[in-house]
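One structure is given below, encoded as structure tokens.
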Amino acid sequence: MDDNDTLNFSRGPQRIVCLTEETTEWLYVLGQDARIVGISGYTVRPRRAREEKPKVSAFLSAKIDKIMDLRPDCVLGFSDLQADIAAELVRKGVQVTIFNQRSVAEIFSMLFQVAAMVGEVEQGLQRIEKMQTDLRTMQAVVAARVAAGARRPRVFFEEWDTPHISAIRWVSELMAIAGGDDCFAELSVESLGKNRIIADGAEIVRRNPDIIFGSWCGKKFRAENVVAREGWGAVNAVRDAQLFEVKSPDILQPGPAALTDGVTKMHQIILQWMDANRDSAEAAA
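Start counting at 1 in the sequence shown, then tack on 449, and there's your number in our numbering.
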């Protein structure tokens with residue numbers, strides 16, 4: 450391309466800064482990682498991105514001067530929580546796209562839009578359709594188990610321990626696809642964690658989850674801490690040692706990881722529970 454021809458233009462952004470992990474992982478999956486010039490310090494997927502790309506942001510803060518030094522022609526971010534970062538970059542003349550995906554459908558929409566931005570519509574759609582097929586297969590497997598007499602377990606997903614925060618919408622939806630029923634599904638529509646706080650732990654005990662998944666936003670899940678909570682010994686999940694960690698990058702990232710590795714881990718655990726409890730489900734029926 451002749452740089453002196455004022456009618457020429459770039460086919461999509463060439464120097465992208467990703468303020469969160471999901472767009473970084475997706476661009477690597479699409480083979481478009483050469484376009485990335487900066488990433489979030491929290492990025493662990495793919496692992497090699499940490500070695501190859503400068504880290505320019507946390508989640509709620511960013512090194513604006515460092516970003517500007519990278520001369521990005523596009524910055525990709527996530528949610529209203531990064532609105533201040535976005536506003537500062539926009540005032541400096543940078544093109545910024547902030548996605549706000551909160552559901553499984555919205556994650557797929559984000560993936561499609563990013564693929565389109567970098568000229569990978571066909572590949573993006575193929576990969577999205579493969580993920581959709583895998584998720585529908587999970588649903589079919591669960592339906593077959595239920596038809597054969599198994600019961601769907603009640604599941605509590607704990608996004609934070611003190612205070613207790615329940616699952617955000619895409620996690621709740623993926624739990625349902627995986628075969629479990631979210632004990633606090635009514636809270637999942639709340640996008641902010643503060644609106645998903647369960648102030649009274651006794652309410653969790655009352656709802657009596659069969660399985661507890663913990664993903665404490667990057668802090669290691671401690672099953673022994675859950676077991677030690679006052680009154681929780683009566684909870685089925687505690688009594689039957691059904692306490693499992695799903696690592697935050699695998700499920701709390703609203704991107705490819707949640708739709709693949711995160712949901713797969715929950716699905717495997719839920720199927721094991723359904724198979725182990727088939728007799729009790731048949732007796733209850």
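Every residue, glycine too, gets a C-beta built ideally from N, C-alpha and C.
DSSP bridge partner residues for H613 (one or two, in chain order) | Its beta-bridge partners are I647.
Residue closest to R494, alpha-carbon to alpha-carbon, out of G480, L509, W475 and S510 | Nearest option by C-alpha distance: W475.
Please confirm whether V604 and D583 have their CB atoms less than 9 Å apart.
-> Contact check for V604 against D583 fails: the beta carbons are separated by 9 Å or more.
How about A627 and V712: are their beta carbons less than 9 Å apart?
-> It is a contact, given that the beta carbons lie within the stated cut-off.
Start and end of the beta strand (DSSP E) containing L771?
-> A question about residue 771 goes unanswered here, because the residues of the chain that appear run from 450 up to 734.
Take the Cβ of D724 as the centre, count every other Cβ of all protein chains shown within 10 Å, and call the residue buried at 16 or more, exposed below.
-> Exposed is the call here.
Quick check: the stretch 657-667 against the stretch 562-578, are there 3 or more CB pairs under 8 Å?
-> Counting Cβ pairs under 8 Å, fewer than three are found: no touch.
Between the C-alpha atoms of R594 and K515, what's the straight-line distance to the nearest angstrom?
-> Cα-Cα distance, rounded: 53 Å.
Where do the N-terminal and C-terminal ends of the beta strand (DSSP E) with T546 fall, by residue?
-> Taken as a continuous stretch (DSSP letters only), the beta strand (DSSP E) holding T546 covers V545 to F548.
Would a C-beta distance cut-off of 9 Å place H716 and M580 closer than the cut-off?
-> With respect to the 9 Å criterion, H716 and M580 are not classified as neighbours on the basis of their beta carbons.
List the endpoints of the continuous beta strand (DSSP E) containing V466.
-> Residues I465 to C467.
Which residues mark the beginning and the end of the beta strand (DSSP E) in which F527 is found?
-> Here the beta strand (DSSP E) through F527 covers C523 to F527.
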